[in-house]
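Trainee: I'd like to ask you about the structure that follows.
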Amino acid sequence: MKGQHLGKIVRNSFAQQIVFWTISYYILLNVFTSTSQTLPIDYLYTAIFMVTIMLPVYFNLLVLIPHFLEKRKYWMYTILVAITGIAGTAFNQLLFDKLIDFVLPGYYFISYYEFRDLLKFFVAFIIVTSLLKLSKEWITLNETKERVIALEKEKLQAELRALMNQVNPHFLFNSLTVLYSLALRKAAETPEAIIKLSDILRYVIYESNAEFVPVRSEVKIIEDYIHLQRYRVGEHAAIDLETSITDNVPIAPMLLLQLVENSFKHGIKGDIENTFIRMKLYANENEINFLIENNRGQGEEIEKNPVKGIGLNNIRERVRLMYSDRGVFRVEEEEHIFRVTLTIQLKAANLKPVSSR
-18 MKGQHLGKIV RNSFAQQIVF WTISYYILLN VFTSTSQTLP IDYLYTAIFM
32 VTIMLPVYFN LLVLIPHFLE KRKYWMYTIL VAITGIAGTA FNQLLFDKLI
82 DFVLPGYYFI SYYEFRDLLK FFVAFIIVTS LLKLSKEWIT LNETKERVIA
132 LEKEKLQAEL RALMNQVNPH FLFNSLTVLY SLALRKAAET PEAIIKLSDI
182 LRYVIYESNA EFVPVRSEVK IIEDYIHLQR YRVGEHAAID LETSITDNVP
232 IAPMLLLQLV ENSFKHGIKG DIENTFIRMK LYANENEINF LIENNRGQGE
282 EIEKNPVKGI GLNNIRERVR LMYSDRGVFR VEEEEHIFRV TLTIQLKAAN
332 LKPVSSR
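So that you can map any letter, position 339 of the sequence shown is 320 in our numbering, and since no number is skipped, the others follow by simple counting.
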């Protein structure tokens, strides 16, 4: 496949050169024709003249541009291309005034132009062919960059889909355990819990495929999730969500929700009355800052079983893929508190506020 593509480029390049030199030949033929009728000697003169132009042109294209201009040796390139043009002009004049009679006796060729005027032909061809070459390389480079960007985007989307595929079944299983516990107790809150869960699952199924969602939509689903988890932990656990949103900026779907779910899963256990989860979210046009902390239980769990850290690793990887160095994901463990902070810079990401859906 790669060889076929290279062959196509070579064939196209060769065809383009044939077209260029053919057009140039007929233009010069009209310039050099001294009478109203084109004579055989005019065809021959133009052909020889073209060969003398092609020598410095291809020397510039194949040697000077790759080894000097493209390596940013601008002064050296300028000097050498000037020498090449002068040398080509001198050779052309020498050929027609002195040497051609030895090769083609009886034609009595002479140079039609003075050195200064002749030099203009060579300079014009060198400039035009250089611009054509550089334009073609620029177009090819841009096409290559676009292909690389497209491939990188496809790879990024595939990695994000794989990460989301890890999140969704895991999230669904943890949510269903709440309904299961309510059903076992035949609790009156079961129908309301089912409605809350259906709203959450609708968000997970449909919104998680979007690249970004309004941050207020993410907050709304977090509030529904906290409400759902209340059926499991009751009113004794201290769960607090504080928000300050001045702009409804976009955020990757389920990024904050996954942190909240992870905190409920690992932070609330044992003595629920002494358990707490504190969340603070600040969002404006410049950045999103989310802090969530809970009892030390999560940190102890991760130390005992590193597999429990998969949820946080998943989030960390999503932040890296979606925001690169604009996203900072920090985990802190103190004696009794496990804390996660997520900061996303929005200005550099060129993400605009979006309307709620």
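Ideal Cβ placement from N, Cα and C applies to all residues, glycine included. The structure displayed is predicted, hence computed values, not measured ones.
Give the straight-line distance between the Cα atoms of Ser5 and Ser116, rounded to the nearest whole angstrom.
Mentor: Using only the alpha carbons, I get a separation of about 19 Å.
Trainee: For the stretch 121 to 130 against the stretch 94 to 108, do three or more pairs of beta-carbon atoms, one drawn from each stretch, fall closer than 8 Å, so that the two count as touching?
Mentor: With a cut-off of 8 Å, the stretch 94 to 108 and the stretch 121 to 130 do not count as touching, because too few Cβ pairs lie within range.
Trainee: Compare the Cα-Cα distances from Asn270 to each of Val321, Asn276, Glu242 and Glu192 and report the closest residue.
Mentor: Nearest of Val321, Asn276, Glu242 and Glu192 to Asn270, Cα basis: Val321.
Trainee: Can you tell me the Cα-Cα spacing of Ser189 and Ala169, whole angstroms?
Mentor: Between Ser189 and Ala169, the C-alpha separation is close to 31 Å.
Trainee: Can you check which of these residues, Met260, Asn255, Glu216 and Pro234, is closest to Leu182 by C-alpha distance?
Mentor: Measuring from the Cα of Leu182, the nearest candidate turns out to be Pro234.
Trainee: Hey, could you find the ends of the alpha helix (DSSP H) Ala71 is sitting in?
Mentor: Residues Tyr55 to Leu75.
Trainee: Out of Pro172, Ile325 and Leu20, point me to the one whose CA is closest to Phe310's CA.
Mentor: Closest option to Phe310, Cα to Cα, is Ile325.
Trainee: How would you call Val38, buried or exposed, if buried means at least 16 neighbouring beta carbons within 10 angstroms?
Mentor: Buried.
Trainee: Quick one: using the 10 Å Cβ neighbour count with 16 as the cut-off for buried, is Arg301 buried or exposed?
Mentor: The residue is exposed, with fewer than 16 neighbouring Cβ atoms inside 10 Å.
Trainee: Does Glu266 pass the burial test, meaning 16 or more other C-beta atoms within 10 Å, or should it be called exposed?
Mentor: Label assigned to Glu266: exposed.
Trainee: State the CB to CB distance for the pair His317 and Asn276, rounded to an integer number of angstroms; the pair is presumed to be in contact (CB under 8 Å).
Mentor: About 7 Å separates the two Cβ atoms, so the contact holds.
Trainee: Could you tell me which of Gln(-2), Ile232 and Arg197 sits nearest to Glu223, measuring between CA atoms?
Mentor: When only C-alpha atoms are compared, the closest one is Arg197.
Trainee: Which residue spans inside the stretch 196 to 256 form an unbroken beta strand (DSSP E) run of at least 3?
Mentor: For the stretch 196 to 256, whole beta strand (DSSP E) runs of length 3 or above, ordered along the chain, are 219 to 226.
Trainee: Does the separation of the CB atoms of Leu178 and Leu163 fall below 8 Å?
Mentor: Not in contact: Leu178 and Leu163 (Cβ atoms no closer than 8 Å).
Trainee: Identify every residue that forms a DSSP beta bridge with Gln326.
Mentor: BP columns for Gln326 point to Glu268.
Trainee: So, is Gly69 buried or exposed, given that buried needs 16 or more other C-beta atoms within 10 angstroms?
Mentor: When all chains shown are included, Gly69 counts as buried.
Trainee: Between Leu272 and Leu113, what straight-line distance do the alpha-carbon atoms span, to the nearest angstrom?
Mentor: Taking the straight line from one Cα to the other gives about 56 Å.
Trainee: Measuring CB to CB, does Ile226 end up less than 8 Å from Ala191?
Mentor: Against a cut-off of 8 Å, the Cβ pair of Ala191 and Ile226 comes out as no contact.
Trainee: Please determine, among Leu240, Val0, Thr256 and Leu45, the residue with the shortest C-alpha to C-alpha distance to Ile60.
Mentor: When each option's Cα is compared against that of Ile60, the closest is Leu45.
Trainee: Hey, out of Thr33, Glu51 and Tyr58, whose CA is closest to Gln74's CA?
Mentor: Answer by Cα proximity: Thr33.
Trainee: How big is the Cα-Cα spacing for Leu76 and Tyr26?
Mentor: Approximately 11 Å between the Cα atoms of the pair.
Trainee: Alpha carbon to alpha carbon, how far is Val200 from Thr110?
Mentor: The straight-line gap from Cα to Cα measures roughly 60 Å.
Trainee: Based on the DSSP output, what are the partners of Asn276 in its beta bridges?
Mentor: In DSSP, Asn276 forms a bridge with Ile318.
Trainee: Between Leu25 and the ligand ZN, is there a pair consisting of the residue's CB and a ligand heavy atom that are separated by less than 7 Å?
Mentor: With respect to the ligand ZN, the structure shown offers nothing to examine, as it has no ligands at all.
Trainee: Does the Cβ of Phe106 have 16 or more other Cβ atoms within 10 Å, making it buried, or fewer, making it exposed?
Mentor: Phe106 is buried by the Cβ-count criterion.
Trainee: Measure the C-alpha to C-alpha separation of Leu236 and Val62 and round it to an integer number of angstroms.
Mentor: Approximately 58 Å, taken between the alpha carbons.
Trainee: Work out the CA separation of Arg128 and Gln210 for me, nearest whole Å.
Mentor: Gln210 and Arg128: Cα-Cα distance of roughly 46 Å.
Trainee: So is Asn255 buried or exposed if we call it buried at 16+ other beta carbons inside 10 Å?
Mentor: Classification of Asn255: exposed, given that the 10 Å Cβ count is below 16.
Trainee: Out of curiosity, what's the CA-to-CA distance linking Glu216 and Pro172?
Mentor: Straight-line Cα distance between these residues: approximately 19 Å.
Trainee: With distances taken between CB atoms, is the gap from Ile203 to Ile258 smaller than 8 Å?
Mentor: Against a cut-off of 8 Å, the Cβ pair of Ile258 and Ile203 comes out as no contact.
Trainee: So the candidates are Lys79, Ser244 and Leu327; which of them puts its Cα closest to the Cα of Val312?
Mentor: Closest by alpha carbon: Ser244.
Trainee: In three-state DSSP terms, what is Leu262?
Mentor: If DSSP states are grouped into helix, strand and coil, Leu262 belongs with the strands.
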